[in-house]
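Visitor:
2 protein chains.
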Amino acid sequence: MARGIAFKIEATDGAARTGQLVLPRGVIRTPAFMPIGTAGSVKAMYLDQVRVLGTDIILGNTYHLMLRPGAERIAALGGLHQFIRWSHPILTDSGGYQVMSLAALRKLSEDGVTFQSHIDGSTHTLTPERSLEIQALLDSDIRMQLDECIALPASTTEIERAMRLSLRWAERSKAAFGSPGGRALFGIVQGGDDERLRVVSAEALGRIGFDGYAVGGLAVGEPQTTMLRILEATTPAMPSGRPRYLMGVGTPDDILDSVRRGIDMFDCVLPTRGGRHGVAYTRMGKINLRNARHADDPRPLDEAADWPPAHDYSRAYLHHLIRAGEALGGMLLTWNNLAYYQRLMDEIRKAIAAGRFDDFVSEVREGWARGDLPIL
Amino acid sequence: MARGIAFKIEATDGAARTGQLVLPRGVIRTPAFMPIGTAGSVKAMYLDQVRVLGTDIILGNTYHLMLRPGAERIAALGGLHQFIRWSHPILTDSGGYQVMSLAALRKLSEDGVTFQSHIDGSTHTLTPERSLEIQALLDSDIRMQLDECIALPASTTEIERAMRLSLRWAERSKAAFGSPGGRALFGIVQGGDDERLRVVSAEALGRIGFDGYAVGGLAVGEPQTTMLRILEATTPAMPSGRPRYLMGVGTPDDILDSVRRGIDMFDCVLPTRGGRHGVAYTRMGKINLRNARHADDPRPLDEAADWPPAHDYSRAYLHHLIRAGEALGGMLLTWNNLAYYQRLMDEIRKAIAAGRFDDFVSEVREGWARGDLPIL
Chain A
46 MARGIAFKIE
56 ATDGAARTGQ
66 LVLPRGVIRT
76 PAFMPIGTAG
86 SVKAMYLDQV
96 RVLGTDIILG
106 NTYHLMLRPG
116 AERIAALGGL
126 HQFIRWSHPI
136 LTDSGGYQVM
146 SLAALRKLSE
156 DGVTFQSHID
166 GSTHTLTPER
176 SLEIQALLDS
186 DIRMQLDECI
196 ALPASTTEIE
206 RAMRLSLRWA
216 ERSKAAFGSP
226 GGRALFGIVQ
236 GGDDERLRVV
246 SAEALGRIGF
256 DGYAVGGLAV
266 GEPQTTMLRI
276 LEATTPAMPS
286 GRPRYLMGVG
296 TPDDILDSVR
306 RGIDMFDCVL
316 PTRGGRHGVA
326 YTRMGKINLR
336 NARHADDPRP
346 LDEAADWPPA
356 HDYSRAYLHH
366 LIRAGEALGG
376 MLLTWNNLAY
386 YQRLMDEIRK
396 AIAAGRFDDF
406 VSEVREGWAR
416 GDLPIL
Chain B
46 MARGIAFKIE
56 ATDGAARTGQ
66 LVLPRGVIRT
76 PAFMPIGTAG
86 SVKAMYLDQV
96 RVLGTDIILG
106 NTYHLMLRPG
116 AERIAALGGL
126 HQFIRWSHPI
136 LTDSGGYQVM
146 SLAALRKLSE
156 DGVTFQSHID
166 GSTHTLTPER
176 SLEIQALLDS
186 DIRMQLDECI
196 ALPASTTEIE
206 RAMRLSLRWA
216 ERSKAAFGSP
226 GGRALFGIVQ
236 GGDDERLRVV
246 SAEALGRIGF
256 DGYAVGGLAV
266 GEPQTTMLRI
276 LEATTPAMPS
286 GRPRYLMGVG
296 TPDDILDSVR
306 RGIDMFDCVL
316 PTRGGRHGVA
326 YTRMGKINLR
336 NARHADDPRP
346 LDEAADWPPA
356 HDYSRAYLHH
366 LIRAGEALGG
376 MLLTWNNLAY
386 YQRLMDEIRK
396 AIAAGRFDDF
406 VSEVREGWAR
416 GDLPIL
């Protein structure tokens, strides 16, 4: 691995592992969940709060930050950490995924992708080299190669074309990354829903050599069974001594299933986006506070949870805030959801260390299966 | 005054006074600024934060709360204080002002006002009796009579008609209020921009007898000089031993001028609404963080201010958050603005107590006149 970085697996339980990814700006306890700080803010949260919930690392979106406020501007202001006031590790994505999902008039070539900003229509080009240059300007701790992430279903020919292109971009990304020391570069396994292509991609990336390996192009609409089938084929082909990051995943249930298949890192918009739309993640499962059943309910979301949004406020109040469009509704539910996710990750780590991960998963799922409190 | 309530003037300086309005749920230090908790939330703030800034009382809007979630529902849930988790005093308005500004198909009669909800079009009637009933269901600490607030300019005939109607509603409001003990009822002086009618209204309300007296129908678009002229004529006609509340006012400058004319209480959306739109109130005056001059500015908003949003974050970051529509921008600027307002009120109280209110006003205005930091 790069100078100043170490990944220590402290315990395994089946394919599940727990350990530490040690970076100069801080230690990431794995399995880890990374809240999304899209445009320099974990939406509706103070970063001090995010930290206190047990967050070791957050994710910043290169696409958003390059367009506004701009990577050169952030660099001139001292880098992303100083800009947003977060002194702990930050992972930045390559920008490629959001070019594909958000930008207009995309044009893909061997060199990279040209697109128009969704904000002001201005034209930009993202190549493997420019993506790594932007991530260096942001001075993120973990940087991602540029890849091409295609939608599923797709033909094997198309999946293989995108995977091969991503491999060539992986080599260019590694060259562009250089050897900054104390900063990590992750390659991204592609290959759609084809196990054979996934293995080809993982093994080729391993030969190039990265500080960590991500699985991209999953959780893009395919059934969970497909995702798990691909993971099962892919993770054994990924270097076992390096962190494995499943991009954009997922629900608490997805996380349990993926940890069981050897994944160490996750990011997902669900707890933050869901919170702003009235969804609460709890040990009783997912609860939609918009539902009229909560309108007169004086009970807290979950009195057994020890974070304020779950035990200090009535469901009736949370319901009201969400229905009335009050910002506080999103603030409280995002807080609850990130607290729930980070607590889950902490319990996952402890269960693996104790060699009881399967039992733990069963207990968590029993709680979800029992469901919400009975209606009053 | 009602049982369990006291108003103690501790010092005066010219017409300015400082003291305490003592209610069972807490002491309100005057002159006081009441942040707006429109629909059961001071927008983009946790109420714990609002309290820590030195807030003794917040305002709830009867119009919003009666429509959603409904006064009877809030009562069943233990009242507004329990519903929103604020154990300190709350003032509720009568609902009349927002019927006039927000509701559709308003129909005014001697009895009250019938209107359609701006949320779902449902029809409601607000009479003096129903307004006080709603405020009792909310169990607010200070309740307001229903009045008719007309837009200026208006003819003397129209101003007098609305003022006389408001006086008749004042009598009905007092009867409907009853004698709940520990709760206060305020009458509202009307009379537009006509000094004579203002004095008639103030004296008539004094004869009816209230726990406090508000000045309504100002800051509705008229020049500041008109507002101050009316205040100068009105406050001497208001009972001096009772708190005087200037509704919907105002800028920090308005507050200084109104305190000087004997006003004790204020509420205004400016610090909260302004914060969500990029406006910061500071000792250097009003600063618009949307302005491009801040885009590359690493300096804090005001390093001399001792609240986090003013000294921990760069102007460049605040500018970015506001431009990007990130909720955190509104959260931080609202926090700054309420901190600035409450600090200003605290300094006003101390200056009056020290008999140096005029000097204090000059110092504050000198700071505003010096303006913002020079451009980098």
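Read top to bottom, the protein sequences are chains A and B. Just add 45 to the spot in the first sequence (first one is 1) and you have this note's numbering. Just add 45 to the spot in the second sequence (first one is 1) and you have this note's numbering. Even for Gly, the Cβ is constructed at its ideal location relative to N, Cα and C. Just so you know, these numbers come straight off a predicted model, no measurement behind them.
Just list the beta strand (DSSP E) runs in the region 269 to 305 of chain B, keeping only unbroken ones of 3 residues or longer that don't cross its boundaries, in chain order.
Guide: Counting only runs of 3 or more, we get 289 to 291.
Visitor: So, is the C-beta of A:A372 closer than 9 Å to a C-beta in chain B?
Guide: It does; some Cβ of chain B falls within 9 Å.
Visitor: So within the region 311 to 339 of chain B, which uninterrupted alpha helix (DSSP H) runs reach at least 4 residues, ignoring any that extend past its ends?
Guide: 315 to 321, all fully within the region 311 to 339 of chain B.
Visitor: Which residue from B:Q180, B:I129, B:M292, B:D156 puts its Cα closest to that of B:T170?
Guide: Measuring from the Cα of B:T170, the nearest candidate turns out to be B:D156.
Visitor: Going along the chain, which unbroken runs of the alpha helix (DSSP H) with 4 or more residues stay wholly within the region 148 to 216 of chain B?
Guide: Complete alpha helix (DSSP H) runs here, min 4: 173 to 183.
Visitor: For A:S86, return the contacting residues in chain B, with the cut-off set at a CB-CB distance below 7 Å.
Guide: Neighbours of A:S86 on chain B, chain order: L366, E371, L373.
Visitor: In whole angstroms, give me the CA-to-CA distance for A:R305 and A:D165.
Guide: Between A:R305 and A:D165, the C-alpha separation is close to 43 Å.
Visitor: So, are the CB atoms of A:I204 and A:G251 less than 9 Å apart?
Guide: Contact: no.
Visitor: Taking beta-carbon pairs under 8 Å, can you tell me which members of the region 112 to 125 of chain A lie near chain B?
Guide: Cβ contacts with chain B come from R113, P114, R118, A121, L122, G123.
Visitor: Roughly how many angstroms lie between the CA atoms of A:L230 and A:W131, to the nearest whole one?
Guide: Their backbone Cα atoms lie some 20 Å apart in a straight line.
Visitor: Closer than 7 Å by C-beta to A:L197: which residues in its own chain qualify, once you throw out the five before and the five after it? Chain order, please.
Guide: Excluding positions up to five away in sequence, the list reads G237, D238, V265, G266, E267.
Visitor: Tell me whether B:I367 is buried or exposed, calling it buried when 16 or more other Cβ atoms sit within 10 Å of its Cβ.
Guide: Flag for B:I367 reads buried.
Visitor: For the alpha helix (DSSP H) containing A:S100, list its first residue and its last residue.
Guide: For the sequence presented, residue 100 of chain A should be read as Thr rather than Ser. Counting along the chain, A:T100 falls outside any alpha helix (DSSP H), and DSSP gives it neither H nor E.
Visitor: Compare the C-beta of A:H109 with all C-beta atoms of chain B and state if any pair is closer than 9 Å.
Guide: Chain B contact via Cβ: present.
Visitor: Name, please, each residue of chain A whose Cβ falls closer than 7 Å to the Cβ of B:D357.
Guide: Residues of chain A passing the Cβ test: R130.
Visitor: What are the residues in the region 327 to 360 of chain A lying within 8 Å of chain C by C-beta distance?
Guide: The displayed structure is made up of protein chains A and B, and chain C is not among them.
Visitor: Once the 5 residues before and after B:I275 are set aside, which same chain residues still bring their CB inside 7 Å of it?
Guide: Taken in chain order, the residues that qualify are D238, E240, R243, L263.
Visitor: Quick check: is the beta carbon of A:M390 nearer than 9 Å to any beta carbon in chain B?
Guide: No, because no Cβ of chain B sits closer than 9 Å to the Cβ of A:M390.
Visitor: Using a 10 Å radius around the Cβ and a threshold of 16 neighbouring Cβ atoms, would you call B:P345 buried or exposed?
Guide: Its Cβ being crowded by 16 or more others within 10 Å, B:P345 is buried.
Visitor: Thinking C-beta only, is B:G320 closer than 9 Å to B:L373?
Guide: Not a contact, by the Cβ cut-off of 9 Å.
Visitor: If you reduce the DSSP assignment to three classes, tell me which class A:S218 lands in.
Guide: Correct three-state label for A:S218: helix.
Visitor: Per DSSP, what kind of secondary structure is A:M376 in: helix, strand or coil?
Guide: The answer is helix: DSSP assigns A:M376 an H, G or I state.
Visitor: Secondary structure at A:G123, three-state DSSP: helix, strand or coil?
Guide: A:G123: coil per DSSP, three-state reduction.
Visitor: With burial defined as no fewer than 16 other Cβ atoms inside 10 Å of the residue's Cβ, what is the status of A:V207: buried or exposed?
Guide: One point to set straight first is that residue 207 of chain A is Ala, not Val, in the sequence displayed. The residue in question, A:A207, is buried, as its Cβ has 16 or more Cβ neighbours within 10 Å.
Visitor: Can you give the Cα-Cα distance for B:N336 and B:R360, rounded to whole angstroms?
Guide: The alpha-carbon atoms of B:N336 and B:R360 are separated by roughly 10 Å.
Visitor: Please work out which residues of its chain come closer than 7 Å, Cβ to Cβ, to A:F340, disregarding the five sequence neighbours upstream and downstream, and give them in chain order.
Guide: One point to set straight first is that residue 340 of chain A is Ala, not Phe, in the sequence displayed. Cβ within range, chain order: A361, H364.
Visitor: If you count every other CB in all the chains shown that lies within 10 Å of the CB of B:V260, and 16 or more means buried, which is it?
Guide: That one is buried.
Visitor: Under 9 Å, Cβ to Cβ, is there at least one residue of chain B near A:A89?
Guide: With 9 Å as the cut-off, A:A89 counts as an interface residue toward chain B.
Visitor: Could you tell me the alpha carbon to alpha carbon distance between A:S139 and B:R113, rounded to whole angstroms?
Guide: When rounded, the distance between both Cα atoms is 44 Å.
Visitor: Measure the Cβ-Cβ separation of B:Y385 and B:R318 and say whether it is below 9 Å.
Guide: Not in contact: B:Y385 and B:R318 (Cβ atoms no closer than 9 Å).
Visitor: Mapping DSSP to helix, strand and coil, what is A:I129?
Guide: If DSSP states are grouped into helix, strand and coil, A:I129 belongs with the helices.
Visitor: Could you confirm whether any beta carbon from chain B is found closer than 9 Å to the beta carbon of A:M208?
Guide: Not an interface residue.
Visitor: Below 8 Å on the Cβ atoms is my guess for B:L92 versus B:I129; work out the distance and round it to an integer in Å.
Guide: Sure, about 7 Å apart at Cβ, within 8 Å.
Visitor: Which residue marks the beginning of the alpha helix (DSSP H) containing A:A249, and which one marks its end?
Guide: From DSSP, the alpha helix (DSSP H) with A:A249 extends over 240 to 253.
Visitor: Express the C-alpha separation of B:G71 and B:E178 in angstroms, rounding to a whole number.
Guide: So the two alpha carbons sit approximately 23 Å from each other.
Visitor: Could you check whether B:R410 and B:D299 sit closer than 9 Å to each other, using their CB atoms as the reference points?
Guide: No, these two residues do not count as a Cβ contact at 9 Å.
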